[in-house]
Amino acid sequence: MKGKRVGIIGRGKIGSSLYEKFTGLGATIAFYYGRSEEVLFASTLRENGIDGVFLAIPTTDKGISAARYIETSVNAGIPIFTCEKGALAYHAHKFKKRLPEFGYSAAVGGGTMILPYLTQRMRGGKQEVTIRGVMNGTLNYIFDQVSRGVTLGAASSEAERLGFAEPGATNVLSLINGELADVSMKACVLHNVALSHEEVITPDVLDTSYLSDEELEAIGEPGSGYRLVISFTKRLKKEDSDAIHVFSHATGEGWYIQGQFVRANGSSRYAWLPVGVENVLVVEEGKLGIDGRYRLYGDGAGAGPTTSAMINEFASWKK
Ligand SMILES: NC(=O)c1ccc[n+]([C@@H]2O[C@H](COP(=O)([O-])OP(=O)(O)OC[C@H]3O[C@@H](n4cnc5c(N)ncnc54)[C@H](OP(=O)(O)O)[C@@H]3O)[C@@H](O)[C@H]2O)c1
1128 MKGKRVGIIG RGKIGSSLYE KFTGLGATIA FYYGRSEEVL FASTLRENGI DGVFLAIPTT
1188 DKGISAARYI ETSVNAGIPI FTCEKGALAY HAHKFKKRLP EFGYSAAVGG GTMILPYLTQ
1248 RMRGGKQEVT IRGVMNGTLN YIFDQVSRGV TLGAASSEAE RLGFAEPGAT NVLSLINGEL
1308 ADVSMKACVL HNVALSHEEV ITPDVLDTSY LSDEELEAIG EPGSGYRLVI SFTKRLKKED
1368 SDAIHVFSHA TGEGWYIQGQ FVRANGSSRY AWLPVGVENV LVVEEGKLGI DGRYRLYGDG
1428 AGAGPTTSAM INEFASWKK
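Numbering (my numbering), first residue to last: 1128 to 1446.
Written out as structure tokens, the structure is:
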């Protein structure tokens, strides 16, 4: 990284980790912006010699600021690497044809590289395919702990303490529902980036059902064994009878997208579920999986894995 000049937007958990890593790698930090410096961005980019911009801001505005940063940067011909998902969930219509111009591997799955993996697997087009996954490390961590007998309150505080949770939660219900908003964005990003030809969807069409206090109490009962699973299928599959619906949508290009809390305890059907903060993607290709079953596991949250994915993407970037 010696000789590279990079800019970082966001000085929180991810931004500060990027700062530390780039400094350690010998890169020059050309700028390190917080919210109040957004107005300077376009003029800063006109200065010579910025090799890459790193975007690490939260989605508090349905991705409007993030989309603006991405557009400004790609229009200036400077690659930008984002771990924010609102831009590709709510504004994908602007970026669908410009995906090769910026990096977004860390927007879903932290360091797991789910998006490039799935894009590659889907390249040939598939008639029959079932994709299932866990794409929110925080919820997986919390409900994995709960399935082992830890209380929901203790598991949630620990997830916050470890820095996994999205910013802004004020209590357990708002934490969990905030993560559901995160998952619905990720489902859209995955669809928009890796599955659809032209169609883009936004979280508005998923119409996410947020949990009530009573539902949270039921699925948060220690040992109850619920986990949030997202699926993308070419045929509508029946929900488990004891599943709790979170979202579902049928796209114009023939994908059925479902998010549901399933009761996984002791069921061999869900033996593939990851532990802790891990994410997983399970892809079954061909009728009844005749063309193979593939699994990708990895750390789905945390500053270390997320920033490594962003830096790796930059290091292997080809114009
Ligand atoms: N933490 C993780 O494990 C993880 C994993 C994968 C992806 N992500 C994603 O990474 C992003 C950042 O997460 P984080 O945990 O680092 O958040 P964070 O700790 O809350 O930090 C957010 C930072 O963004 C800045 N910011 C907000 N709006 C801005 C704007 N318009 N222009 C410039 N700076 C702005 C804030 O600046 P001020 O202080 O000036 O308000 C703050 O420094 C989120 O989109 C999150 O979903 C996080």
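Built from N, CA and C at the ideal position, the CB exists for glycine as well.
Residue i to residue j span [Cα, whole Å]
i            : j            : result
residue 1335 : residue 1157 : 40 Å
residue 1429 : residue 1239 : 11 Å
residue 1372 : residue 1281 : 25 Å
residue 1216 : residue 1150 : 31 Å
residue 1152 : residue 1348 : 46 Å
residue 1423 : residue 1234 : 16 Å
residue 1250 : residue 1169 : 35 Å
residue 1283 : residue 1291 : 10 Å
residue 1171 : residue 1221 : 23 Å
residue 1154 : residue 1148 : 9 Å
residue 1379 : residue 1232 : 25 Å
residue 1138 : residue 1403 : 26 Å
residue 1218 : residue 1276 : 41 Å
residue 1358 : residue 1179 : 34 Å
residue 1185 : residue 1198 : 17 Å
residue 1187 : residue 1426 : 24 Å
residue 1267 : residue 1285 : 13 Å
residue 1295 : residue 1392 : 30 Å
residue 1376 : residue 1247 : 24 Å
residue 1342 : residue 1181 : 38 Å
residue 1257 : residue 1194 : 30 Å
residue 1183 : residue 1364 : 36 Å
residue 1229 : residue 1350 : 43 Å
residue 1214 : residue 1201 : 13 Å
residue 1205 : residue 1196 : 11 Å
residue 1166 : residue 1142 : 18 Å
residue 1444 : residue 1420 : 29 Å
residue 1322 : residue 1252 : 9 Å
residue 1303 : residue 1431 : 23 Å
residue 1130 : residue 1439 : 16 Å
residue 1416 : residue 1226 : 30 Å
Best match in the options for proximity to residue i [C-alpha to C-alpha]
i            : options                   : result
residue 1245 : 1440, 1441 and 1407       : 1407
residue 1297 : 1305, 1290 and 1291       : 1305
residue 1176 : 1133, 1242 and 1190       : 1133
residue 1398 : 1200, 1251 and 1261       : 1261
residue 1269 : 1412, 1326, 1401 and 1135 : 1401
residue 1192 : 1171, 1172 and 1163       : 1163
residue 1405 : 1396, 1188 and 1433       : 1433
residue 1289 : 1186, 1140, 1252 and 1365 : 1140
residue 1211 : 1351, 1277, 1189 and 1202 : 1189
residue 1136 : 1352, 1207 and 1258       : 1207
residue 1223 : 1341, 1436, 1319 and 1381 : 1319
residue 1441 : 1259, 1209 and 1354       : 1209
residue 1274 : 1346, 1381 and 1166       : 1346
residue 1390 : 1182, 1352 and 1287       : 1352
residue 1344 : 1160, 1411, 1279 and 1131 : 1279
residue 1174 : 1203, 1161, 1165 and 1181 : 1203
residue 1316 : 1394, 1384 and 1253       : 1384
residue 1144 : 1443, 1445, 1437 and 1444 : 1437
residue 1313 : 1396, 1302, 1356 and 1287 : 1356
residue 1259 : 1130, 1131, 1354 and 1431 : 1354
residue 1307 : 1287, 1130, 1265 and 1322 : 1265
residue 1409 : 1242, 1445 and 1431       : 1242
residue 1254 : 1411, 1302 and 1396       : 1411
Bridge-paired residues (DSSP) for residue i
i            : result
residue 1376 : 1384
residue 1182 : 1136 and 1209
residue 1155 : 1132
residue 1358 : 1259 and 1385
residue 1420 : 1411
residue 1353 : 1390
residue 1371 : 1388
residue 1425 : 1406
residue 1230 : 1208
Expected contact under 8 Å - CB spacing of residue i and residue j to nearest Å
i            : j            : result
residue 1333 : residue 1374 : 4 Å
residue 1331 : residue 1263 : No, residue 1331 and residue 1263 are not in contact; Cβ-Cβ is about 19 Å, not under 8 Å.
residue 1340 : residue 1300 : 6 Å
residue 1311 : residue 1386 : 7 Å
residue 1382 : residue 1414 : Not really, about 17 Å apart at Cβ, beyond 8 Å.
residue 1159 : residue 1146 : 6 Å
Residue i beta carbon near ligand 3 (any heavy atom closer than 7 Å)
i            : result
residue 1210 : As far as ligands go, the structure on display features ligand 1 and does not contain ligand 3.
> Are the segment 1335-1348 and the segment 1225-1242 touching, with three or more C-beta to C-beta distances below 8 Å?
Replying inline: no
> When the Cβ atoms of the segment 1319-1331 are set against those of the segment 1362-1371, are three or more pairs found closer than 8 Å?
Replying inline: no
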